[in-house]
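There are 2 protein chains.
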Amino acid sequence: MDATSAPSTPLAGAGRAVALEVLLRGPVTRSEIARRLSMSAGSLTRLANPLVDSGLLVEVDADHGQAGHEARTGRRSRPLDINAAAHHFIGAKVTGDDVHAVLTTLRAEVVGSARKPLPGRDPASVVATIAELIGELTAEGPRISRVGVSLGGRVAHHTTVTAAPFLEWSEDVPLGSLLADALGLPVTVDNDLLALTRAEHWFGTARGHDRFAVLTIGAGVGYGLVMHDTVVDSPDVGVGLLGHCPLDPMGPLCPNGHRGCATAMLSRPSICAAVSVGLRRSVTYDECLDLAAHGDPVAAPVITAAGRALGRLLAAVANFTLVQKIVLTGEGVRLAEVARTAVEEAVRADRDPSTAPLELDVQHSDFAYWARGAAATAIQAHVLEETPAVG
Amino acid sequence: MDATSAPSTPLAGAGRAVALEVLLRGPVTRSEIARRLSMSAGSLTRLANPLVDSGLLVEVDADHGQAGHEARTGRRSRPLDINAAAHHFIGAKVTGDDVHAVLTTLRAEVVGSARKPLPGRDPASVVATIAELIGELTAEGPRISRVGVSLGGRVAHHTTVTAAPFLEWSEDVPLGSLLADALGLPVTVDNDLLALTRAEHWFGTARGHDRFAVLTIGAGVGYGLVMHDTVVDSPDVGVGLLGHCPLDPMGPLCPNGHRGCATAMLSRPSICAAVSVGLRRSVTYDECLDLAAHGDPVAAPVITAAGRALGRLLAAVANFTLVQKIVLTGEGVRLAEVARTAVEEAVRADRDPSTAPLELDVQHSDFAYWARGAAATAIQAHVLEETPAVG
DNA sequence: ACATTTACTTTCATCGCGGAAGTCTTGCTT
DNA sequence: AAGCAAGACTTCCGCGATGAAAGTAAATGT
Numbered sequence: 002m003d004a005t006s007a008p009s010t011p012l013a014g015a016g017r018a019v020a021l022e023v024l025l026r027g028p029v030t031r032s033e034i035a036r037r038l039s040m041s042a043g044s045l046t047r048l049a050n051p052l053v054d055s056g057l058l059v060e061v062d063a064d065h066g067q068a069g070h071e072a073r074t075g076r077r078s079r080p081l082d083i084n085a086a087a088h089h090f091i092g093a094k095v096t097g098d099d100v101h102a103v104l105t106t107l108r109a110e111v112v113g114s115a116r117k118p119l120p121g122r123d124p125a126s127v128v129a130t131i132a133e134l135i136g137e138l139t140a141e142g143p144r145i146s147r148v149g150v151s152l153g154g155r156v157a158h159h160t161t162v163t164a165a166p167f168l169e170w171s172e173d174v175p176l177g178s179l180l181a182d183a184l185g186l187p188v189t190v191d192n193d194l195l196a197l198t199r200a201e202h203w204f205g206t207a208r209g210h211d212r213f214a215v216l217t218i219g220a221g222v223g224y225g226l227v228m229h230d231t232v233v234d235s236p237d238v239g240v241g242l243l244g245h246c247p248l249d250p251m252g253p254l255c256p257n258g259h260r261g262c263a264t265a266m267l268s269r270p271s272i273c274a275a276v277s278v279g280l281r282r283s284v285t286y287d288e289c290l291d292l293a294a295h296g297d298p299v300a301a302p303v304i305t306a307a308g309r310a311l312g313r314l315l316a317a318v319a320n321f322t323l324v325q326k327i328v329l330t331g332e333g334v335r336l337a338e339v340a341r342t343a344v345e346e347a348v349r350a351d352r353d354p355s356t357a358p359l360e361l362d363v364q365h366s367d368f369a370y371w372a373r374g375a376a377a378t379a380i381q382a383h384v385l386e387e388t389p390a391v392g
Numbered sequence: 002m003d004a005t006s007a008p009s010t011p012l013a014g015a016g017r018a019v020a021l022e023v024l025l026r027g028p029v030t031r032s033e034i035a036r037r038l039s040m041s042a043g044s045l046t047r048l049a050n051p052l053v054d055s056g057l058l059v060e061v062d063a064d065h066g067q068a069g070h071e072a073r074t075g076r077r078s079r080p081l082d083i084n085a086a087a088h089h090f091i092g093a094k095v096t097g098d099d100v101h102a103v104l105t106t107l108r109a110e111v112v113g114s115a116r117k118p119l120p121g122r123d124p125a126s127v128v129a130t131i132a133e134l135i136g137e138l139t140a141e142g143p144r145i146s147r148v149g150v151s152l153g154g155r156v157a158h159h160t161t162v163t164a165a166p167f168l169e170w171s172e173d174v175p176l177g178s179l180l181a182d183a184l185g186l187p188v189t190v191d192n193d194l195l196a197l198t199r200a201e202h203w204f205g206t207a208r209g210h211d212r213f214a215v216l217t218i219g220a221g222v223g224y225g226l227v228m229h230d231t232v233v234d235s236p237d238v239g240v241g242l243l244g245h246c247p248l249d250p251m252g253p254l255c256p257n258g259h260r261g262c263a264t265a266m267l268s269r270p271s272i273c274a275a276v277s278v279g280l281r282r283s284v285t286y287d288e289c290l291d292l293a294a295h296g297d298p299v300a301a302p303v304i305t306a307a308g309r310a311l312g313r314l315l316a317a318v319a320n321f322t323l324v325q326k327i328v329l330t331g332e333g334v335r336l337a338e339v340a341r342t343a344v345e346e347a348v349r350a351d352r353d354p355s356t357a358p359l360e361l362d363v364q365h366s367d368f369a370y371w372a373r374g375a376a377a378t379a380i381q382a383h384v385l386e387e388t389p390a391v392g
């Protein structure tokens, strides 16, 4: 079986729907796909078998592990699964100082990762650094189907960076085209939070939910939204919309002068500053959390107030967007664990008691997690073939 | 032309898409529809002409009013429009005291309205009252295609009322089936705010927007959301989600003890109470607004604070949901006009300056407006034919 | 008058779909 | 062990929707 051969047909219409169903809902039998897509069994044979022949899908052994409804008679089904190794993708997350990159399969499983500092913040340095990282990751590796790049800022048409404060780019940069030309590969560029949201949507714990939000806490507060199984994209994404949402009228000021806003209450710098001032010495974020966990008289109230603010923010997200679930992540996510009771209490206080309980999922994040988001954007572009960037 | 004859085919697939396009985007030429639905001109002839023959669509004279791109040569187009009189609908809004009903066309134009007090709050009284109103409205009128009913509370499957505080129904009431049996007509029941949102979506100023919110202020604060051209429906709709959203840490208390929440700041009773207490006499809502407009030292600060709170709420809706537009309506909507500058200032303060300006549309509402929402629900059910209730 | 342009209609080959019947494989019954 | 029922999948075939291309209609400009 030649796993690396791409399907000759560019995966149109119903065939793409079948492939997507398999990619997103794990191994599925043909009959189950037919049921879900409301198609006849005959059509499913016609659509699925070419995909198997092309190497994109593979037949796996019937899943005996799932006991329970195993008391069935009749011929065994041959579930289909994605041949994740059929395609590989690069995801690269660009920050103000460096680039983190991962190599993933079609199912966004990370099979390699690397990091490189940026020699400069100009577009040429970014392009060169990404190219070097890809060189490292694909040294003896497989062919890359598409490259995804994510960064904090605004991106138009998945190609052009129209705002990137961390990189101090003052004018539009056609990063997608620049990279595509340099690499000879199709490239998709996206806002980092949208990319993370896409990854959670297709490959994360929110898989299968058609309405959920992603909230990140770290250097700032980030926010992504999926409604009706579609990521909400708007030119306003990428400008820290929730960053200055007021959460605590008694809270500290943020650099913009908002009292008790999300940034002032939840960002790592703000929390470190508040605790450092009280202790008359400089402390790290993790120290703050550790001190609070042990009942430090300075850190504990800061962290509890932050937890309450987080709960209020989570409740507001749920109240305003009617989502069933929120994925909480980012470098500062440990706050949700240390201040768990405060968070939960605040959510309860701000939610109507007759609403469905809010499902909260805390995801620990590292650099590979963010880079994987960029890879997910590339995977989506590849599968949906909307040609979001220059090939 | 027999306008009342229903199409024999139940409007499936592509034919329905064409009819919807004409219903929602006003008069459109065949070629324009073909472009929008990405279909060939030939298919359009095949699909549209049976609809014209059936009386659902009519050819109208080319719209010479739209100058500007009138310098065109070639054969004149014959735009298609919905024959709004081809079907009629009843919309009924049930409150704790009475029922308001309207008779509308297929385009939700109100052609008759009536009101009747409820003799009691039991289901039988509601059913009987609606039936009487329909009798009045259709005395010499046309056949009704479907009845829409809306009320404050929760409704499951567009049929069963699972919570209705104003009617004091403690257990589930299959209002849809009860009415359908009594009337011999298909019935759709829905939450009043969802119904209003649907009306704005298809027939209101938000037509064509694929993302917007509806906010109502009156006895309480109501909220509806459309994302990706679909009304967001959730079991939690109907439980005044935004009613207790905190807006002003210095504000008064609401009956539930929340300081400065949306209800405390914006509801008509709260505003009347605040002004009445200050003036040592009982004043109506409109009096409050009039006094504030003339600089009354008691009413003006209350109304200004309310305006600021409203602005903050509007900004939060836009920040959390990324909507481009908000329709503001309800019996208390005059607040937005009297306190306009306070509203605008507060919106500006809570929105990132780099976001797109928030489009705000203030809609005056009366009882017919709410009942029209119920009719819109019936129209949608009729056109989409999802059989949401027992026929 | 005649070309030109646009709007719509007609015709026709194609293709994807669903339904019916067939094959394959399993478990259960007798 | 043979027969049977049941489910998963395949094969086959007719229908119907579709788009391409050619044809007709109605307007403008020269």
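Protein chains in written order, with my numbering: chain A, 2 to 392; chain B, 2 to 392.
C-beta: ideal position from N, C-alpha, C; glycine also.
Note that the coordinates shown come from a computational prediction; the quantities given were computed from them, not determined experimentally.
Beta-carbon of residue i versus every beta-carbon of chain A: anything under 8 Å?
i         : result
Leu-385/B : no
Asp-82/B  : no
Leu-226/B : yes
Asp-237/B : yes
Thr-305/B : no
Leu-315/B : no
Give a yes or no on whether 8 Å exceeds the smallest Cβ distance from residue i to chain B.
i         : result
His-229/A : yes
Asp-396/A : With chain A covering 2 to 392 only, the question about residue 396/A has no answer from this structure.
Val-188/A : no
Phe-321/A : yes
Glu-169/A : no
Asp-211/A : no
Cys-246/A : yes
Per DSSP, which one or two residues make a beta bridge with residue i?
i         : result
Trp-203/A : Trp-203/A is not bridged to any residue.
Met-228/B : Arg-212/B and Thr-231/B
Trp-170/B : Ala-165/B
Phe-321/A : For Phe-321/A, which the question treats as bridged, DSSP gives no partner whatsoever.
Pro-247/A : Cys-262/A
Ser-151/B : Lys-94/B and Asp-191/B
Ile-83/B  : Leu-58/B
Tell me the rounded alpha-carbon separation between residue i and residue j.
i         : j         : result
Ser-78/A  : Gly-16/A  : 20 Å
Asp-249/B : Thr-305/A : 22 Å
Val-61/A  : Val-53/A  : 11 Å
Arg-108/A : Phe-204/A : 7 Å
Arg-37/B  : Gln-325/B : 22 Å
Pro-120/A : Glu-169/A : 14 Å
Val-150/A : Leu-194/A : 12 Å
Ala-310/B : Val-103/A : 46 Å
Pro-28/A  : Ile-327/A : 26 Å
Arg-26/A  : Asp-82/A  : 9 Å
Asp-230/B : Gly-296/A : 50 Å
Arg-281/B : Val-339/B : 23 Å
Val-299/A : Gly-177/B : 59 Å
Go ahead and label residue i buried or exposed: buried means 16 or more other beta carbons lie within 10 angstroms of its beta carbon, across all protein chains shown.
i         : result
Thr-160/B : buried
Met-266/B : buried
His-89/B  : buried
Asp-211/B : exposed
Ser-32/A  : exposed
When you compare the CB positions of residue i and residue j, do they come within less than 8 Å of one another, or not?
i         : j         : result
Ala-132/A : Glu-110/A : no
Cys-246/A : Ala-263/A : yes
Gly-221/A : Gly-241/A : yes
Arg-313/A : Ala-347/A : yes
Arg-147/B : Ala-379/B : yes
Ala-49/B  : Val-95/B  : no
Leu-393/B : Ile-135/B : As displayed, chain B neither begins before 2 nor continues past 392, which places residue 393/B out of reach and without an answer.
Val-232/A : His-202/A : yes
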